[in-house]
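Structure, as structure tokens:
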Amino acid sequence: AYDPEMMLALLFYAYCCGLRSSRRIEAAVRVDLAFKAICADLVPDHIAIARFRADHEQAIKDTFIDVLRLCAKAGLASLGVIAIDGTKMAADAALDQNRSESTIRAEVEAIMAQVAAAEKEEAVQPSLAGELPEMLAHRSSRLGRLKAALGEIEAQRQAAVAAEAAATERMAQDAEQGRRPKGKAPADPARAVERARAEVTSARVRHAAARSVLERLQTTADLERAERLLVEAEAAAESAPAPAERQANVVDPESRIMKTHDGWLQGYNAQAAVNASQIVVAAELTNDANDVALLLPLIAASEANANKAGVAGGIGVVLADAGYWSEINATAEGPNRLIATLKDWKQRRAAKQMGTTTGEPPEDASPLEAMEHALRTPEGAELYAQRSYTVEPVFGQAKENRSIRRFMRRGLDAAESEWALICTTGNLLKLYSHAGGRSLAEVIAAAS
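In this text, residue positions in the sequence shown follow our numbering: the first is 13, and each later residue adds one.
Structure representation (structure tokens):
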């Protein structure tokens, strides 16, 4: 067995250099002087390297706090302004390995039949030394992945049912108060009918509450329109084709199809909270492509990590782009935040068209109006501009400088551990650059 500290140092240095394949790391250990020095001329093979990385997922993830603590001692981990963003990272699985539920079930049945036939043959003519026939071993591995994919499909289905039930309940409560449904009209025909029914209920409540003749006329028109749209939605639902089957990837079932600027990829949503020194103070990974639900957990993780690492002071302000906008995110307790309500270029165009604002927002402003007011103040605009050159370079440095664009291992836990390792080594590189040839002790002494 190799010294765990040596193996961890080997992984750290390899990831700093952009080497992540266990075979490439083994090759570097054989010829590169720096790798040789780390390993004291020992040569752990690729199997030992891969096994160490797999067996110590949580321990590797925990080193994030240790490195953050060093950054804090060097004066690099202060909070103040924190920018939050995400990037889509490819999984170790191809897009074309997605299969529908019926296709997966058919393959499971076929494999089960093949395995049963092979076991029957094995009972008649046993293999030597009781070894598992190669076909059975291969099929058993494939069967495990297929069953995991079916489990993911079922989990997605249950999550969707729960989310739809919650949304329906919120719409019903709003409608009973005469409030119109919020958000975009759903593409799903059945959900569109539910929304149209809520619109009718809301219109009836407002119509019943109308006092003046003008209000009566307006609410009558609203009700007639809502009833017409309900009839149209019900007709569209009746003629709509059956919804497409849910899919899962049979190579990495926990990964998801994600939209990127360049198209689509099979992967995960990697999130980071970054300070003004481009130190990652929180790193999270999810298979949820939507960023909205990730902001508050990242803020909480940033505060918790800073506390563990001994970082003095709290978060001054959180910056996030429009992917994180929601009234809940804007109004939840916690540090101040500036969240864009539009894409950055639309935000800049709106600011030019509507002009700057000053002071506090009006008392009757909605959360959306209050945020837009804050973003159009000179101070708010200058502060929000820091977001792009605070967090986005961290992703660029990993993907372009170190060529880290996909995960090496499969499964959410494994990919999450690797994302923590990517961010940890990114922080180490920042610390190394900040040192400028000085020893760590000298850097810490200078920051004290």
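Idealized CB from N, CA, C, for every residue including glycine.
Since the structure is predicted, the reported quantities are computational estimates derived from the model, not experimental observations.
Do residue j and residue i count as a contact pair if the criterion is CB distance below 8 Å?
i           : j           : result
residue 288 : residue 406 : no
residue 369 : residue 388 : yes
residue 261 : residue 270 : no
residue 73  : residue 432 : yes
residue 438 : residue 292 : yes
residue 102 : residue 277 : yes
residue 345 : residue 327 : no
residue 54  : residue 14  : yes
residue 11  : residue 385 : The chain is shown only over 13 to 460; residue 11 falls outside these bounds and no answer can be derived.
residue 393 : residue 362 : no
residue 7   : residue 83  : Here the chain has residues from 13 to 460 only, and residue 7 is not among them.
residue 80  : residue 397 : no
residue 323 : residue 162 : no
Whole-angstrom Cβ separation of residue i and residue j, contact assumed at under 8 Å?
i           : j           : result
residue 94  : residue 286 : 7 Å
residue 215 : residue 248 : Contact flag wrong, Cβ pair sits at about 20 Å.
residue 258 : residue 116 : That pair is no contact at about 10 Å.
residue 34  : residue 58  : 4 Å
residue 40  : residue 31  : 6 Å
residue 151 : residue 126 : 6 Å
residue 343 : residue 379 : 5 Å
So is residue i in contact with chain C if we call contact Cβ pairs under 8 Å?
i           : result
residue 166 : Structure shown: chain C not included; a single protein chain is present.
Report the residue from the options whose alpha carbon sits nearest the alpha carbon of residue i.
i           : options            : result
residue 185 : 210, 78, 173, 199  : 210
residue 105 : 422, 192, 363, 54  : 422
residue 301 : 459, 279, 450, 344 : 279
residue 197 : 374, 245, 16       : 245
residue 217 : 239, 187, 193      : 187
residue 483 : 75, 167, 173, 31   : In the structure displayed, the chain extends from 13 to 460; residue 483 sits before or after that span and is not available.
residue 263 : 175, 155, 18, 342  : 155
residue 306 : 193, 290, 337      : 337
residue 76  : 24, 43, 36         : 24
residue 347 : 18, 230, 451, 331  : 331
residue 107 : 225, 391, 413, 275 : 275
residue 464 : 253, 339, 413, 412 : Beyond the ends of the chain as shown, which are 13 and 460, falls residue 464; an answer cannot be given.
In or out: residue i buried (at least 16 other Cβ within 10 Å) or exposed?
i           : result
residue 110 : buried
residue 27  : buried
residue 219 : buried
residue 429 : buried
residue 170 : exposed
residue 390 : exposed
Looking at the secondary structure, which residues open and close the alpha helix (DSSP H) in which residue i lies?
i           : result
residue 251 : 225 to 251
residue 94  : Careful: residue 94 lies outside any alpha helix (DSSP H), inside the beta strand (DSSP E) at 92 to 102.
residue 205 : 201 to 221
residue 458 : 452 to 459
residue 401 : 398 to 402
residue 40  : 34 to 43
residue 85  : 69 to 85
residue 413 : Per DSSP, residue 413 belongs to no alpha helix (DSSP H) and is neither H nor E.
Could you spell out where the beta strand (DSSP E) holding residue i opens and where it closes?
i           : result
residue 192 : Where residue 192 is concerned, there is no enclosing beta strand (DSSP E), given that its DSSP letter is neither H nor E.
residue 441 : Segment 424 to 447 is the alpha helix (DSSP H) holding residue 441; no beta strand (DSSP E) there.
residue 353 : Note, residue 353: premise wrong, no beta strand (DSSP E); not H, not E.
residue 22  : Here residue 22 belongs to no beta strand (DSSP E); instead the alpha helix (DSSP H) covers 16 to 28.
residue 268 : 268 to 272
residue 284 : 275 to 286
residue 388 : Where residue 388 is concerned, there is no enclosing beta strand (DSSP E), although the alpha helix (DSSP H) it sits in stretches over 379 to 388.
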